[in-house]
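Numbering (this note's numbering), first residue to last: 31 to 419. The structure under discussion appears below in the form of structure tokens.
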């Protein structure tokens, strides 16, 4: 007799690996009877199909019949047939109406190509209970002497669980992206509204007063010097307000001044103009070596966003900004002693959504701790932030 082999199959996703190992001793003697040999091999073949959980089939393109092999379609789809010829039209009727044209066109195009070896397609297939399952079909084309495809031998795999998970993840990504997009648009609208208010309430009124003083200076000689002096002060004030708006909108030149100096300047300017006293602390970070320029800009924008929120909404007197390295992570923490907020409110603000979206660009997370009357602390944790990541 010939050599004996141990045959081991490994099934992973849509791949079947088969390992052959030489064996000195046969595990079982095959009978000399061809019928018994066929029976033994058929049982082995059945076990392999059950291990792979695939539905095997052989498709005769000349008779338009498909042979469903060894009960795979019974186990997976509930059709009470086994080793049975199925009309091709029945298979076509089981394809989801939205997928049918695509599947048949895929088959037609594959058969038309002379060098095609395999046919592969995903679609939805109706089970016996009327529900559609997601399946993956893969078949090997067999040709006659003239090169015409006469048979296809293949397998159908149930990929419903995997596909539904992929759809769920895709929907979650879309929902998250929509949330981020909405937050960006909302932030832009708020920014435009803020600029419009500054132009109207600050600049427009000052310019009106300037115009009135200039007109009065033309007609009233006694008040001319006073009116011109007032106009000069008003113009200087307008210039100062325009600079404030410019600082709010412009992207800072990190390459010239660096992240730390930009934050220190922002803190100094804010402290001069508001009741809140900000303090900036940094430790364990080399901004040139550890932080690329894009990350520095995003960190500065996050700090700006948080400082603006504190000034406008927190009713705080002290706020601490900390940027440090802890256990290989970059930690940005902004804490104030203001009025705080409820846990539900913590997640809904446009500012917090913008900060989360920026952190996620670097695989980061955002943690918020706050209670009414107990202040507000936001921590951004970036696990991989160096240029080597």
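Each residue gets a CB set at the ideal place from its N, CA and C atoms; glycine is no exception.
{"Check": "Could you tell me the alpha carbon to alpha carbon distance between residue 115 and residue 208, rounded to whole angstroms?", "Outcome": "49 Å"}
{"Check": "What span of residues does the beta strand (DSSP E) with residue 116 cover, start to end?", "Outcome": "114–117"}
{"Check": "Among the residues of its own chain, which have a CB less than 7 Å from the CB of residue 146, if the five just before and after it don't count?", "Outcome": "140 and 171"}
{"Check": "Using a 10 Å radius around the Cβ and a threshold of 16 neighbouring Cβ atoms, would you call residue 332 buried or exposed?", "Outcome": "buried"}
{"Check": "By Cβ distance below 6 Å, which residues in the same chain neighbour residue 395 in space, the five residues on each side in sequence not counted?", "Outcome": "411"}
{"Check": "When the Cα atoms are used, what is the spatial distance from residue 132 to residue 393?", "Outcome": "38 Å"}
{"Check": "Nearest-angstrom Cα distance between residue 402 and residue 250?", "Outcome": "57 Å"}
{"Check": "Measuring alpha carbon to alpha carbon, tell me which of 325, 345, 344 and 369 ends up nearest residue 385.", "Outcome": "325"}
{"Check": "Ignoring anything shorter than 4 residues, give me the alpha helix (DSSP H) runs that lie fully in the stretch 213–267, in order along the chain.", "Outcome": "235–249"}
{"Check": "Below 8 Å, how does it come out for the stretch 194–209 and the stretch 239–249: are there three or more Cβ pairs, yes or no?", "Outcome": "no"}
{"Check": "Could you tell me which residues DSSP pairs with residue 184 in its beta bridges?", "Outcome": "87 and 169"}
{"Check": "By the DSSP assignment, the alpha helix (DSSP H) with residue 327 in it spans what residues?", "Outcome": "323–339"}
{"Check": "Measure the beta-carbon distance from residue 213 to residue 400 and round it to whole angstroms, keeping in mind my assumption that it falls under 8 Å.", "Outcome": "19 Å between Cβ atoms; not a contact."}
{"Check": "With 8 Å as the threshold, decide whether the Cβ of residue 337 is near any Cβ in chain D.", "Outcome": "Included in the structure is just one protein chain, with no chain D present."}
{"Check": "Using the C-alpha atoms, what's the distance from residue 327 back to residue 274?", "Outcome": "19 Å"}
{"Check": "Within the continuous beta strand (DSSP E) that includes residue 307, where are the two ends?", "Outcome": "307–313"}
{"Check": "Which residue comes first and which comes last in the alpha helix (DSSP H) that contains residue 129?", "Outcome": "127–142"}
{"Check": "So, are the CB atoms of residue 91 and residue 179 less than 8 Å apart?", "Outcome": "yes"}
{"Check": "Give the secondary structure of residue 356 by DSSP, where H, G and I count as helix, E and B as strand, and everything else as coil.", "Outcome": "strand"}
{"Check": "Which residues in the same chain have their Cβ closer than 6 Å to the Cβ of residue 173, if we skip the five residues on either side of it in sequence?", "Outcome": "179"}
{"Check": "Report the three-state DSSP secondary structure of residue 413 (helix, strand or coil).", "Outcome": "coil"}
{"Check": "Closest by CA to residue 369, which one among 88, 344 and 390?", "Outcome": "344"}
{"Check": "From the DSSP output, in three-state form, read off residue 297 for me.", "Outcome": "helix"}
{"Check": "Quick check: the stretch 102–115 against the stretch 199–208, are at least 3 beta-carbon pairs closer than 8 Å?", "Outcome": "no"}
{"Check": "Quick test of your reading: residue 354 and residue 312, contact by CB under 8 Å. State the CB separation rounded to the nearest angstrom.", "Outcome": "7 Å"}
{"Check": "Throw me the rounded Cβ distance for the residue 269 and residue 351 pair, which I believe falls under 8 Å.", "Outcome": "Wrong, their Cβ atoms sit about 29 Å apart, outside the cutoff."}
{"Check": "Is the number of C-beta pairs between the stretch 147–167 and the stretch 117–132 that are closer than 8 Å three or more?", "Outcome": "yes"}
{"Check": "Following the continuous beta strand (DSSP E) through residue 99, name the residue where it begins and the one where it ends.", "Outcome": "95–99"}
{"Check": "By DSSP, does residue 92 sit in helix, in strand, or in coil?", "Outcome": "coil"}
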